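Visitor: One gets the working numbering by counting positions in the sequence shown from 1 and adding 37 to each. C-beta atoms are modelled at their ideal positions from N, C-alpha and C, and glycine is treated no differently. Only a predicted model underlies this, so the values are computations on that prediction, with no experimental measurement involved. Structure provided below as structure tokens; questions to follow.
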Amino acid sequence: MFIPYGKQNISQADIDAVVNVLQSDFLTQGPQVPTFEKSVAQLVGAKHALAVNSATSALHIACLALGLGKGDILWTSPITFVASSNCALYCDADVDFVDIDPQTYNMSVTALKLKLEQAQKDNKLPKIVVPVHLCGQPCDMVGIYALSQEYGFKIIEDASHAIGGKYREAYVGAGQYSDVTIFSFHPVKIITTAEGGMALTNNAELAQKMDLFRSHGVTRNQELMSKAPEGSWYYQQVDLGFNYRMTELQAALGVSQMHRLEQFVAKRHEIAKVYNEILQDLPIVLPYQLPETYSGLHLYVIRLKLDKIRKNRKEVFDLLREKGIGVNVHYIPVHTQPYYENLGFKQGDFPEAESYYASAISLPMYPDLTREQIDYIYQTLKEVLV
Numbered sequence: 038m039f040i041p042y043g044k045q046n047i048s049q050a051d052i053d054a055v056v057n058v059l060q061s062d063f064l065t066q067g068p069q070v071p072t073f074e075k076s077v078a079q080l081v082g083a084k085h086a087l088a089v090n091s092a093t094s095a096l097h098i099a100c101l102a103l104g105l106g107k108g109d110i111l112w113t114s115p116i117t118f119v120a121s122s123n124c125a126l127y128c129d130a131d132v133d134f135v136d137i138d139p140q141t142y143n144m145s146v147t148a149l150k151l152k153l154e155q156a157q158k159d160n161k162l163p164k165i166v167v168p169v170h171l172c173g174q175p176c177d178m179v180g181i182y183a184l185s186q187e188y189g190f191k192i193i194e195d196a197s198h199a200i201g202g203k204y205r206e207a208y209v210g211a212g213q214y215s216d217v218t219i220f221s222f223h224p225v226k227i228i229t230t231a232e233g234g235m236a237l238t239n240n241a242e243l244a245q246k247m248d249l250f251r252s253h254g255v256t257r258n259q260e261l262m263s264k265a266p267e268g269s270w271y272y273q274q275v276d277l278g279f280n281y282r283m284t285e286l287q288a289a290l291g292v293s294q295m296h297r298l299e300q301f302v303a304k305r306h307e308i309a310k311v312y313n314e315i316l317q318d319l320p321i322v323l324p325y326q327l328p329e330t331y332s333g334l335h336l337y338v339i340r341l342k343l344d345k346i347r348k349n350r351k352e353v354f355d356l357l358r359e360k361g362i363g364v365n366v367h368y369i370p371v372h373t374q375p376y377y378e379n380l381g382f383k384q385g386d387f388p389e390a391e392s393y394y395a396s397a398i399s400l401p402m403y404p405d406l407t408r409e410q411i412d413y414i415y416q417t418l419k420e421v422l423v
């Protein structure tokens, strides 16, 4: 028996939806993509949704639409996957990081405020800030938004972990406190399209720009053309874009998965509740949840109380893997990656992020996790942490 840290849930209805597309006239751009976009936008309350081939692509086109370029700076959290910062480098912009809150592991609003005050003095304010909803728990978006109004930066919510989550009773993606929100549909995420992502916004101009950037910069919209079309076949490339489109197969799977989104998230909360109850006697720190949030619970991260156990994190990790529990670590601080060290970042730059990384382990979390498996995880942890 091997229990992975995350796993997709594929039903017969999902399979049938994909097979129906294979038997249809459209495999790439057909009715399923806009249907999927509409289903997500309607659920979360966003005006525009653009499906793409990955959340990384969604981050890229969001940065481009917001005009990020050479000489600009993007700030994000160091505790995230590298895509959250790489998107700025794709635009030839610079990257910096804001340390995390020691309780939520999300971007610290206090650290952000202090960094903005100094950046204003240095004339190095960010053009875009990318808060990351780590594990599915929304950041303090009211605090971040208030600072954006004071210091003039745009906000992209990296909500790759958070579809189905809520912040102050509204779904993540509604966009009250940001310019663009990004979702991921990677197989281990809340719902999946195999690979895929989506950018959501309430700004029609941003939506139009992202639509261009995801499809080669090519349009058939006469309003965007520099001259009248020569016929019904006519299109123009009006910008430099990319082939970031989502296929019909992926979108059909997404449409089907959306029917079970709320069920998936509710099940994750049931599992987290059990974890919280049975793990509290172990020498670990359990995840903290902000009272005004409803997490998507993509991940369940514990932190080892290393001063109370005789093993280091690697030893605990390896023993759990040996016993069939597919734990993982989310994430290695981005600023400690060799590529980013070559950009000038170094160990010690973001101490809270580094402290978190030294003790963090992600336990298995997915809707099909059984009580028997959870009990096995608990018993094994108990033995390993002696």
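Going by other Cβ atoms of all chains shown within 10 Å of its Cβ, with 16 needed for buried, is Glu329 buried or exposed?
Guide: Glu329 comes out exposed.
Visitor: Expressed to the nearest angstrom, what Euclidean distance is found between the alpha-carbon atoms of Asn280 and Ala207?
Guide: Their Cα atoms are separated by approximately 32 Å.
Visitor: Rounded to a whole number of angstroms, what is the C-alpha to C-alpha distance between Glu299 and Val132?
Guide: Taking the straight line from one Cα to the other gives about 35 Å.
Visitor: List the DSSP bridge partners of Ile339.
Guide: Paired residues: Ile398.
Visitor: Taking Cβ to Cβ, would you say Phe134 is nearer than 8 Å to Pro163?
Guide: Not in contact: Phe134 and Pro163 (Cβ atoms no closer than 8 Å).
Visitor: Assuming contact is defined by CB atoms lying nearer than 8 Å, are Met235 and Asn90 in contact in what I supplied?
Guide: No, these two residues do not count as a Cβ contact at 8 Å.
Visitor: Are the Cβ atoms of Ile181 and Ile200 separated by less than 8 Å?
Guide: No; because the gap between Cβ atoms is not below 8 Å, this pair is not in contact.
Visitor: Using the Cα positions of Gly361 and Pro388, report the straight-line distance between them to the nearest angstrom.
Guide: Distance between the alpha carbons of Gly361 and Pro388 is about 32 Å.
Visitor: On the DSSP bridge list, what partners appear for Pro224?
Guide: According to DSSP, Pro224 bridges with nothing at all.
Visitor: From what residue to what residue does the alpha helix (DSSP H) around Gly291 run?
Guide: That run of the alpha helix (DSSP H) goes Glu285 to Met295.
Visitor: Fully enclosed by the stretch 176-218, which alpha helix (DSSP H) runs are 4 residues long or longer?
Guide: Segments of the alpha helix (DSSP H) lying fully in the stretch 176-218: 178-188.
Visitor: First and last residue of the beta strand (DSSP E) that includes Phe134?
Guide: Run containing Phe134: Asp131 to Phe134, per the beta strand (DSSP E) assignment.
Visitor: Alpha carbon to alpha carbon, how far is Asp136 from Glu154? Give it in angstroms, no decimals.
Guide: Rounded to the nearest angstrom, the two C-alpha atoms are 15 Å apart.
Visitor: I need the straight-line Cα distance from Ser215 to Leu327, nearest angstrom please.
Guide: Rounded to whole angstroms, Ser215 to Leu327 spans 19 Å at the Cα level.
Visitor: Within 10 angstroms of the Cβ of Trp270, are there 16 or more other Cβ atoms? Answer buried if so, exposed if not.
Guide: Result: exposed.
Visitor: With which residues is Trp112 paired in a DSSP beta bridge?
Guide: Paired residue(s): Asp133 and Val166.
Visitor: Applying the 10 Å Cβ sphere with the 16-neighbour rule, what's the burial state of Met402?
Guide: Per the 10 Å Cβ criterion, buried.
Visitor: Considering Cα atoms alone, identify which of Val167, Thr117, Ala88 and Asn313 is closest to Ser252.
Guide: When only C-alpha atoms are compared, the closest one is Ala88.
Visitor: Is Val421 helix, strand or coil when you go by DSSP?
Guide: Helix.
Visitor: Give the single residue among Glu285, Leu319, His335 and Val292 whose Cα lies nearest to the Cα of Glu307.
Guide: Looking at the Cα atoms, His335 is the closest of the given residues.
Visitor: Go ahead and label Ile52 buried or exposed: buried means 16 or more other beta carbons lie within 10 angstroms of its beta carbon, across all protein chains shown.
Guide: That one is exposed.
Visitor: With DSSP as the reference, please indicate the residues paired to Thr256 in a beta bridge.
Guide: Paired residue(s): Gln273.
Visitor: Beta-carbon within less than 7 Å of Arg358's beta-carbon, same chain only, minus the 5 sequence neighbours each way: which residues are those?
Guide: Answer for Arg358: Val364, listed in chain order.
Visitor: So the candidates are Ser221, Glu260 and Asp276; which of them puts its Cα closest to the Cα of Met426?
Guide: With the chain running from 38 to 423 in the structure shown, residue 426 is simply not present.
Visitor: Candidates Ala99, Ser76, Thr113 and Gly67: which alpha carbon is nearest Val371's?
Guide: Out of Ala99, Ser76, Thr113 and Gly67, Thr113 has the C-alpha closest to the C-alpha of Val371.
Visitor: Enumerate in chain order the residues of its own chain whose CB-to-CB distance from Lys161 is below 7 Å, with the five nearest sequence positions on each side excluded.
Guide: Here the set comprises Ile110.
Visitor: Which first and last residues belong to the alpha helix (DSSP H) in which Met306 is found?
Guide: The sequence shown places His at residue 306, rather than the Met named in the question. Run containing His306: Leu298 to Ile315, per the alpha helix (DSSP H) assignment.
Visitor: Inspect the beta-carbon positions of Tyr312 and Leu400 and report whether they are closer than 8 Å.
Guide: Yes, the Cβ-Cβ distance between Tyr312 and Leu400 is below 8 Å.
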